[in-house]
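Asks: Questions regarding the structure given below will be posed in turn.
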Ligand code: SAH
Ligand code: SF4
Ligand code: F3S
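Numbering (the numbering used here), first residue to last: 29 to 510.
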């Protein structure tokens, strides 16, 4: 029998933003937190919130779980293999716990929210299960575990945005950082588990977003990525900075405000939704040099019938119209996508439509997935996962092959030209090389040069490329900047 300290509520019984009653646990210094993150950038950004909350409790972070007092695994549920990876990792933490029974093992994030108390039943070595809106409760939950109980809080909120929490930047390069601008998702794409694990969509107060971006810039950061499941539906209503008038801020306006912090601060954002991306957003990108010319606009499928079954609420024609608008308003803008192969009932012709869509757009990059049925989603309840595994695999391979060719073609356009990049640090493969991204988000690697260091903008002449990376040398003369 599991000793639950908080009621395990279901998604339908969401907390309506009321404050949690927490007895302030004692702050004890010198304890160590190890946190490992899976899934999307938002989960990684959440881990930085978690580290900040625990820092106030005297925890410092460690990169070695063997020396930790608390191990957190911030999980993802998006596809079955994402969950499997977490379970495998948990069994390794289990071995550590057998060696050190005092170790607190907590599961955070989307898998915690999806499985709730079932997690504690299935994984006996887990002490606590905490959903993405309950991180303020972590100090109290840790105390419960230390008192010998299992602890769980999976309440979802309609208001929590952690706006006032200043994230502890984990594993960062000191140059680029993520800023969450909203949480949750109100779209109900039929394949997707996110609305169930992250709850309702809510936008964060723009003043706190701007303050965070300014603070990062003051600390030497040169690039921020604004994060949300659907950034184009960002909408905030409330008092202005002087609290004298009511203002409404949409995503285009937010982008402009962040861009105005400094022309030396680059702005990126993810994810855009084809149904919501407006021309106003595109004009904002075109207007400011420091808003990067790169849009992640997941298509999922090139077939209108499949898109309807996916409940994406746009058609092939609508998507093409948005692509044409991007090409018209922001010439040279890079575009990337997410694509799912083998969604329920997808025919061979419909798969071909995805391939022809890829030809039409010529994506610079794409994340490609084989459809994985997720329990509780609309598709799992209403549609049959009837495309055989080997067909999904073959379709995915065709999509991947096409993308490799297109990525190579896109990168080849830069060869022989000079691009401006923000140096992020030494390259992963060799410390004799530096790396950074150009405006269009392509990774550029070049030999380290005296006087060039992370955080600088430099011009690099591109000599050659692979399908993933541009290779070049620092440009002395600047013939043509792309
Ligand atoms: N909010 C973003 C995507 C978030 S999830 C958007 O709307 O585009 C990231 C990607 O995972 C999705 O774009 C989709 O391509 C993929 N994905 C989500 N659920 C999936 C599933 N059940 N099977 C396979 N891929 C899935
Ligand atoms: Fe999932 Fe759709 Fe929301 Fe993206 S927009 S998180 S795919 S429900
Ligand atoms: Fe995964 Fe949750 Fe992100 S399911 S993709 S970690 S919102």
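Don't be surprised by glycine CBs; every beta carbon is placed ideally from N, CA and C. What you are looking at is a predicted structure, and each value in this text was computed from that prediction instead of being measured.
Compute the Euclidean distance between the alpha carbons of residue 353 and residue 169, then round it to the nearest angstrom.
Replies: Spanning the two alpha carbons is a distance of roughly 49 Å.
Asks: By how many angstroms is the C-alpha of residue 453 removed from the C-alpha of residue 446?
Replies: About 19 Å.
Asks: Are there any heavy atoms of the ligand SAH lying less than 8 Å away from the beta-carbon of residue 326, as far as the coordinates show?
Replies: Under cutoff, so the answer is yes.
Asks: Please classify residue 274: is it buried, with 16 or more other beta-carbons within 10 angstroms of its beta-carbon, or exposed?
Replies: Flag for residue 274 reads exposed.
Asks: To which residues of the same chain is residue 201 closer than 6 Å at the C-beta, ignoring the five residues directly before and after it?
Replies: Correct list, in chain order: 452 and 453.
Asks: Skipping 5 residues on each side, what residues in its chain have a beta carbon closer than 8 Å to that of residue 474?
Replies: If we look at residue 474 and ignore the five residues flanking it on each side, its Cβ neighbours are 461, 462, 463, 488, 499, 500, 501 and 502.
Asks: Out of 174, 146, 154 and 164, which has the shortest C-alpha to C-alpha gap to residue 59?
Replies: The shortest C-alpha separation from residue 59 is found at 174.
Asks: What do you get for residue 123, buried or exposed, if any count of 16 or more other CB atoms within 10 angstroms of its CB means buried?
Replies: Its Cβ having fewer than 16 others within 10 Å, residue 123 is exposed.
Asks: Can the beta-carbon of residue 304 be found closer than 9 Å to that of residue 258?
Replies: In this structure, residue 258 lies closer than 9 Å to residue 304 by Cβ.
Asks: Restricting to Cα atoms, I'd like to know which of 360, 253 and 269 is closest to residue 206.
Replies: Nearest of 360, 253 and 269 to residue 206, Cα basis: 253.
Asks: What number of angstroms, rounded off, separates the C-alpha of residue 490 from the C-alpha of residue 68?
Replies: One C-alpha to the other measures close to 30 Å.
Asks: Does the stretch 240-250 come close enough to the stretch 419-434 that 3 or more CB-CB pairs lie under 8 Å?
Replies: Too few Cβ pairs lie closer than 8 Å, so no.
Asks: So, is residue 494 buried or exposed, given that buried needs 16 or more other C-beta atoms within 10 angstroms?
Replies: It counts as exposed.
Asks: In terms of alpha-carbon separation, which member of 61, 260, 312 and 229 lies closest to residue 300?
Replies: With distances taken between Cα atoms, residue 300 lies closest to 260.
Asks: Here's the rule: buried if 16 or more other CB atoms are within 10 angstroms of the residue's CB, otherwise exposed. What is residue 395?
Replies: Result: exposed.
Asks: What first and last residue would you give for the alpha helix (DSSP H) that runs through residue 428?
Replies: Segment 417-440, the alpha helix (DSSP H) holding residue 428.
Asks: Can you grab the Cα-Cα spacing for the pair residue 381 / residue 302, in whole Å?
Replies: The alpha-carbon atoms of residue 381 and residue 302 are separated by roughly 17 Å.
Asks: Which residues have a Cβ closer than 5 Å to any heavy atom of the ligand F3S, listed in chain order?
Replies: Working through the chain, the matches are 67, 68, 71, 104, 105, 106, 138 and 222.
Asks: For residue 100, which residues in the same chain have their Cβ closer than 6 Å to its Cβ, ignoring the five residues on either side in sequence?
Replies: Counting only Cβ-Cβ distances below 6 Å, and skipping sequence neighbours, we find 63, 134 and 136.
Asks: Assign residue 261 to one of three DSSP states: helix, strand, or coil.
Replies: Residue 261 falls in the helix class under three-state DSSP.
Asks: Cβ atoms of residue 189 and residue 231: under 9 Å apart, would you say?
Replies: A contact, by the Cβ cut-off of 9 Å.
Asks: Given residue 407, which residues of its chain have a CB within under 7 Å of its CB, disregarding the five upstream and five downstream residues?
Replies: Cβ neighbours of residue 407 beyond the five flanking positions: 218, 219, 372 and 401.
Asks: In angstroms with no decimal places, state the Cα-to-Cα distance between residue 384 and residue 80.
Replies: So the two alpha carbons sit approximately 46 Å from each other.
Asks: Tell me whether residue 276 sits in a helix, a strand or coil according to DSSP, three-state version.
Replies: Residue 276 falls in the strand class under three-state DSSP.
Asks: Nearer than 8 Å: is that true of the beta carbon of residue 318 relative to any heavy atom of the ligand SF4?
Replies: No, the ligand SF4 has no heavy atom inside 8 Å of this Cβ.
Asks: Assign residue 462 to one of three DSSP states: helix, strand, or coil.
Replies: It is a strand residue.
Asks: Within 10 Å of its beta-carbon, does residue 116 have 16 or more other beta-carbons around it, so buried, or fewer, so exposed?
Replies: Exposed.
Asks: So, for residue 90: in the same chain, excluding its five sequence neighbours on each side, which residues have a beta-carbon less than 8 Å away from its beta-carbon?
Replies: Here the set comprises 60, 61, 62 and 96.
Asks: Mapping DSSP to helix, strand and coil, what is residue 85?
Replies: Residue 85 falls in the coil class under three-state DSSP.
Asks: On the three-state DSSP scale, how would you describe residue 281?
Replies: DSSP places residue 281 in helix when its eight states are reduced to three.
Asks: Is the beta carbon of residue 196 less than 9 Å from the beta carbon of residue 83?
Replies: Yes, the Cβ-Cβ distance between residue 196 and residue 83 is below 9 Å.
Asks: In the DSSP assignment, what are the bridge partners of residue 80?
Replies: BP columns for residue 80 are empty, so no partner.
Asks: Output the boundary residues of the alpha helix (DSSP H) element that contains residue 313.
Replies: Where residue 313 is concerned, the enclosing alpha helix (DSSP H) stretches over 307-315.
Asks: Return the CA-CA distance between residue 56 and residue 185, expressed in angstroms with no decimal places.
Replies: In a straight line, the C-alpha of residue 56 is about 29 Å away from that of residue 185.
Asks: Does the distance between the C-beta of residue 487 and the nearest non-hydrogen atom of the ligand SAH fall short of 8 Å?
Replies: Residue 487 Cβ: outside cutoff for every heavy atom of the ligand SAH.
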